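What follows is one structure encoded as structure tokens, with my remarks underneath.
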Amino acid sequence: MKQRTWHAPDVPLLPYTGWVFVSKKIGRLLNWLQVLSALACVALSVTRLWNNQDFDEAKNMRPALLLFYALALLEASLFLLEKAYWTWKMSVCRLLDQVSAECELGPYGLVSLKRFFYDAYSQCIDGSIFDGIKMDLVTFAEDLILSDFLDEQLIGVRILQQLATSKGSARDTLRKLGTNPRSIERAVEMLNWKRHEEEEVRKCAAEVVSKLAGKRQNALRVSGIPGAIESVMSLLYTGRGPPTSVDHPLGAVAAAAVPDRMYDYLQYNLLGLHILKKLARDHDNCGKIGNARGLLAKIVEFTHVSPTLLLNPSASDSQVRSVKRALQVIKMLVYTTGATGKALRRDVAENVFTVSNLRGVLQHGHQRMELQKLAMDVLTGMAMDERAKETIVGTGGVVKLLLSIFFNAGECELGNEAGEALAMLALESEASCAAILKRADVLDQLASALDAHDARCLNAMRVLRNLCAYSGEEHRTRLSEVTKAMPTVLGATMTGRDKILEVSVGLTTQICRFIDVDQFTAELRRAGLDERAYVERLVGILRQYRRLLEAIAETTSEVECYHVFSGSVPIGKHRENFSAIVDTALQLLAAGDAAGAGGGESVS
Numbered sequence: 170m171k172q173r174t175w176h177a178p179d180v181p182l183l184p185y186t187g188w189v190f191v192s193k194k195i196g197r198l199l200n201w202l203q204v205l206s207a208l209a210c211v212a213l214s215v216t217r218l219w220n221n222q223d224f225d226e227a228k229n230m231r232p233a234l235l236l237f238y239a240l241a242l243l244e245a246s247l248f249l250l251e252k253a254y255w256t257w258k259m260s261v262c263r264l265l266d267q268v269s270a271e272c273e274l275g276p277y278g279l280v281s282l283k284r285f286f287y288d289a290y291s292q293c294i295d296g297s298i299f300d301g302i303k304m305d306l307v308t309f310a311e312d313l314i315l316s317d318f319l320d321e322q323l324i325g326v327r328i329l330q331q332l333a334t335s336k337g338s339a340r341d342t343l344r345k346l347g348t349n350p351r352s353i354e355r356a357v358e359m360l361n362w363k364r365h366e367e368e369e370v371r372k373c374a375a376e377v378v379s380k381l382a383g384k385r386q387n388a389l390r391v392s393g394i395p396g397a398i399e400s401v402m403s404l405l406y407t408g409r410g411p412p413t414s415v416d417h418p419l420g421a422v423a424a425a426a427v428p429d430r431m432y433d434y435l436q437y438n439l440l441g442l443h444i445l446k447k448l449a450r451d452h453d454n455c456g457k458i459g460n461a462r463g464l465l466a467k468i469v470e471f472t473h474v475s476p477t478l479l480l481n482p483s484a485s486d487s488q489v490r491s492v493k494r495a496l497q498v499i500k501m502l503v504y505t506t507g508a509t510g511k512a513l514r515r516d517v518a519e520n521v522f523t524v525s526n527l528r529g530v531l532q533h534g535h536q537r538m539e540l541q542k543l544a545m546d547v548l549t550g551m552a553m554d555e556r557a558k559e560t561i562v563g564t565g566g567v568v569k570l571l572l573s574i575f576f577n578a579g580e581c582e583l584g585n586e587a588g589e590a591l592a593m594l595a596l597e598s599e600a601s602c603a604a605i606l607k608r609a610d611v612l613d614q615l616a617s618a619l620d621a622h623d624a625r626c627l628n629a630m631r632v633l634r635n636l637c638a639y640s641g642e643e644h645r646t647r648l649s650e651v652t653k654a655m656p657t658v659l660g661a662t663m664t665g666r667d668k669i670l671e672v673s674v675g676l677t678t679q680i681c682r683f684i685d686v687d688q689f690t691a692e693l694r695r696a697g698l699d700e701r702a703y704v705e706r707l708v709g710i711l712r713q714y715r716r717l718l719e720a721i722a723e724t725t726s727e728v729e730c731y732h733v734f735s736g737s738v739p740i741g742k743h744r745e746n747f748s749a750i751v752d753t754a755l756q757l758l759a760a761g762d763a764a765g766a767g768g769g770e771s772v773s
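With my numbering applied, the sequence shown has no gaps in its numbers, which climb one by one up to 773 at the end.
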């Protein structure tokens with residue numbers, strides 16, 4: 170369909186005159202007339218000055234004519250010199266190309282710069298010369314995007330996109346743009362424009378908004394605009410319905426009948442997910458993303474990926490990136506702190522496709538380890554919620570896949586992620602422990618992992634401790650096999666530090682539920698440890714942290730009674746009262762000190 174618009178240089182000055190009176194050609198004609206008149210002035214002035222004997226001999230006539238023709242010659246010469254200089258700079262030296270390259274304005278830099286200099290010249294003519302001098306490209310672009318004409322909006326948003334993505338000018342551009350609410354609102358509004366002729370405007374605006382959202386203060390300004398999250402959500406449209414645009418000033422006109430298949434939705438999906446990822450860095454924005462109707466489901470939809478794509482090493486990078494960014498956004502949402510995070514974890518878990526999509530990534534993503542890591546991070550974050558744990562355990566194959574990755578992962582970091590997810594699932598969850606114990610060799614594999622000198626050992630201890638602590642009574646007989654790992658755990662208690670020491674002591678106390686005193690003594694001997702040396706090690710640990718224990722005993726609150734915290738929201742309360750445990754430890758220390766002072770054995 171032919172557009173009822175004119176390109177400015179092609180506008181006819183008189184009707185029904187064809188190409189003769191087109192403004193562009195009239196402009197060239199006037200330009201050449203200026204040059205010809207200047208040449209004629211130079212020729213006439215030189216001729217008259219050469220034949221100065223013909224001047225009238227009247228008083229002062231000769232000096233006056235000499236001065237007049239000399240000034241006329243000087244004026245015309247200066248004009249021609251200026252014309253030649255600028256022709257040389259523009260046509261030969263290509264000044265505008267140099268400026269465009271220095272400003273990194275891209276392939277459309279010449280059009281933008283010509284328009285900028287024309288506007289600056291108009292400012293100087295209409296107002297003061299200082300008005301033109303004060304103009305800069307960012308202000309110029311902001312004025313253009315607020316225009317009602319699509320070609321001007323396109324020039325303006327192109328300039329902003331190039332300046333915002335350029336290393337040299339991005340910082341100043343984003344600072345200046347971020348302080349102009351009208352410009353931010355228009356850029357966000359452009360995200361909703363879906364007509365095909367507005368495609369480039371929308372893409373450039375999305376890139377500008379993604380750069381703005383990279384700075385926390387600007388991200389708050391973007392999210393503070395009413396409907397901003399919904400505008401970003403419009404970028405996640407995948408072409409399954411007819412897009413419409415009513416937000417553009419001229420958008421009431423029906424969109425051109427162009428097939429949707431010609432519209433590149435994937436690039437907008439990537440930009441939309443990128444913007445959401447940057448907005449999700451702020452706690453309040455996470456709440457807004459969760460409250461936006463249908464947005465969470467749309468993000469989860471992008472985590473669905475076919476096995477063919479995951480198993481194909483030469484698959485489209487854009488498709489893989491869309492899955493990766495969706496997983497990153499969900500990860501940030503489920504790790505949100507406080508009551509907002511608690512609600513988001515439940516909302517994510519309540520989506521029936523979330524865990525099944527994550528299972529698909531774990532099952533087929535062997536060649537996409539970064540996707541598997543993100544999927545396991547999401548599962549770990551979701552496992553902080555009891556309902557989410559039930560959903561994960563109730564989705565067939567997830568726990569089995571996590572165990573397989575933990576035991577068989579060639580990549581150490583990948584195995585660590587799986588171990589953390591399993592440990593969080595087993596925490597305070599009998600159903601999760603039962604799901605883990607369904608694997609026949611799980612206890613043997615966990616015991617073997619204790620010999621590893623890396624984070625796998627730490628996570629294996631955590632999983633074993635949680636299995637011993639929270640499994641049902643029906644698994645007690647089977648869990649007695651954990652006693653085989655007792656020598657390794659005792660050795661870790663003697664030599665370990667920090668986290669390893671903490672979890673090894675905790676695992677030892679749980680294993681002791683399945684053995685008696687004689688068996689414990691036998692396990693000490695198997696580990697090559699003396700009973701006295703082991704007890705002294707435990708007492709030494711208590712004495713090392715005695716002051717901390719005394720301080721905690723005096724200031725104990727509800728804070729110490731929980732396993733995990735999400736901001737100020739506690740997750741997983743200890744089954745035993747923490748203050749009672751601290752008092753018991755102090756009593757044992759006091760009894761040991763009294764026995765030592767009485768001349769007896771300090772440890773019995």
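Glycine included, each C-beta is placed from N, C-alpha and C at the ideal position. If you're wondering where the values come from, they're calculated on a predicted model, not measured in any experiment.
Report yes or no: do the region 687-694 and the region 639-651 share at least 3 C-beta pairs separated by less than 8 Å? Using a Cβ-Cβ distance cut-off of 8 Å, the region 687-694 and the region 639-651 are not in contact, since fewer than three pairs of beta carbons, one from each stretch, lie closer than that value.
Does the structure place the region 513-523 close enough to the region 483-493 that three or more beta carbon pairs sit under 8 Å? Too few Cβ pairs lie closer than 8 Å, so no.
In chain order, what residues of the same chain have a beta carbon less than 6 Å from the beta carbon of C626, not counting five sequence neighbours either side? Excluding residues within five positions, the ones whose Cβ falls inside 6 Å are L619.
Assign H533 to one of three DSSP states: helix, strand, or coil. In the structure shown, the three-state DSSP call for H533 is helix.
Are the region 242-254 and the region 275-290 touching by the rule of at least three beta carbon pairs closer than 8 Å? Result no; under three Cβ-Cβ pairs closer than 8 Å.
Reduced DSSP secondary structure (H/G/I, E/B, other) of L439: Assignment of L439 by DSSP, reduced to helix, strand and coil, places it in the helix class.
Thinking C-beta only, is L381 closer than 8 Å to V343? It should be pointed out that residue 343 corresponds to Leu in this sequence rather than to Val. Yes, the Cβ-Cβ distance between L343 and L381 is below 8 Å.
Considering K372, what are the terminal residues of the alpha helix (DSSP H) in which it resides? Note, K372: alpha helix (DSSP H), 368-381.
Between the region 394-410 and the region 330-348, do three or more beta carbon pairs fall short of 8 Å? Not touching, per the Cβ criterion.
Cβ-based burial, F522 [other Cβ within 10 Å; buried from 16]: Using a 10 angstroms sphere on the CB of F522, the tally of other CB atoms stays under 16, which defines it as exposed.
Just to confirm, is the Cβ distance from M545 to I561 under 8 Å? The Cβ atoms of M545 and I561 lie no closer than 8 Å to each other.
Indicate whether T505 and L513 have their beta-carbon atoms separated by less than 8 Å. Closer than 8 Å, so yes.
Stretch-stretch touch, CB-based, cutoff 8 Å, three pairs: the region 323-337 with the region 257-267: No contact exists between the region 323-337 and the region 257-267.
Around the Cβ of M230, are there at least 16 other Cβ atoms within 10 angstroms (buried) or fewer (exposed)? Taking a 10 Å sphere around the C-beta of M230, we find fewer than 16 other C-beta atoms and assign the residue as exposed.
Taking DSSP as the reference, what is the three-state secondary structure of P656? Annotated three-state conformation of P656 is helix, per DSSP.
Quick check on the burial criterion: 16 or more other C-beta atoms within 10 angstroms. Buried or exposed for I468? By the 10 Å Cβ count, I468 comes out buried.
Looking at K447 and S352, is the spacing between their C-beta atoms short of 8 Å? Against a cut-off of 8 Å, the Cβ pair of K447 and S352 comes out as no contact.
Can you tell me whether R608 is helix, strand or coil according to DSSP? Of the three classes helix, strand and coil, the one that applies to R608 here is coil, per DSSP.
Among L442, Y406, A449, N460, the one whose alpha carbon lies nearest that of Y434: When only C-alpha atoms are compared, the closest one is Y406.
Shortest alpha-carbon distance to A374 belongs to which of S483, K558, Q330, A339? Nearest of S483, K558, Q330, A339 to A374, Cα basis: Q330.
What is the DSSP secondary structure of L360, counted as helix, strand or coil? Coil, per DSSP.
Could you say which of S601, E555, T256 lies nearest to L572 if we only look at CA atoms? Looking from the CA of L572, the closest CA among S601, E555, T256 belongs to S601.
Buried or exposed: where does D554 fall if 16 or more other Cβ atoms within 10 Å of its Cβ makes it buried? When all chains shown are included, D554 counts as buried.
Suppose the cutoff is 8 Å on Cβ atoms and the five residues either side in sequence are ignored; what does the same chain contact list for L698 look like? Counting only Cβ-Cβ distances below 8 Å, and skipping sequence neighbours, we find L659, G660, M663.
If contacts are defined as beta-carbon pairs under 8 Å, then H533 and L479 qualify, I think. What distance do you get, rounded to the angstrom? Indeed they touch by this definition, with Cβ atoms about 4 Å apart.
Note down, in chain order, each residue of its chain lying with its Cβ closer than 7 Å to the Cβ of D451, except the 5 sequence neighbours on either side. Within the same chain, and ignoring the five residues on either side of D451 in sequence, the residues whose Cβ sits closer than 7 Å to its Cβ are R385, A388, L389.
Consult DSSP for E321 and reduce its assignment to one of helix, strand or coil. Three-state result, E321: helix.
How is the alpha helix (DSSP H) around H452 delimited, first residue to last? In the DSSP annotation of this structure, the continuous segment of the alpha helix (DSSP H) that includes H452 starts and ends at 452-460.
Whole angstroms is fine: what's the gap from E650's alpha carbon to G463's? Using only the alpha carbons, I get a separation of about 48 Å.
Counting Cβ pairs, one atom from each stretch, are 3 or more of them under 8 Å apart for the region 212-220 and the region 234-241? Contact between the region 212-220 and the region 234-241 is established, with three or more Cβ pairs separated by less than 8 Å.
Burial state of K558 (16 or more Cβ within 10 Å): By the neighbour-count criterion, in which a residue is buried when 16 or more other Cβ atoms sit within 10 angstroms of its Cβ, K558 is buried.
Restricting to Cα atoms, I'd like to know which of Q541, E599, S269, L439 is closest to D486. When Q541, E599, S269, L439 are compared, the shortest CA-CA separation from D486 is found for L439.
My output table needs one value for P350: the three-state DSSP class, helix, strand or coil. Here DSSP, grouped into helix, strand and coil, assigns P350 to helix.
Applying the 10 Å Cβ sphere with the 16-neighbour rule, what's the burial state of E700? Exposed is the label assigned to E700, since fewer than 16 other Cβ atoms lie within 10 Å of its Cβ.
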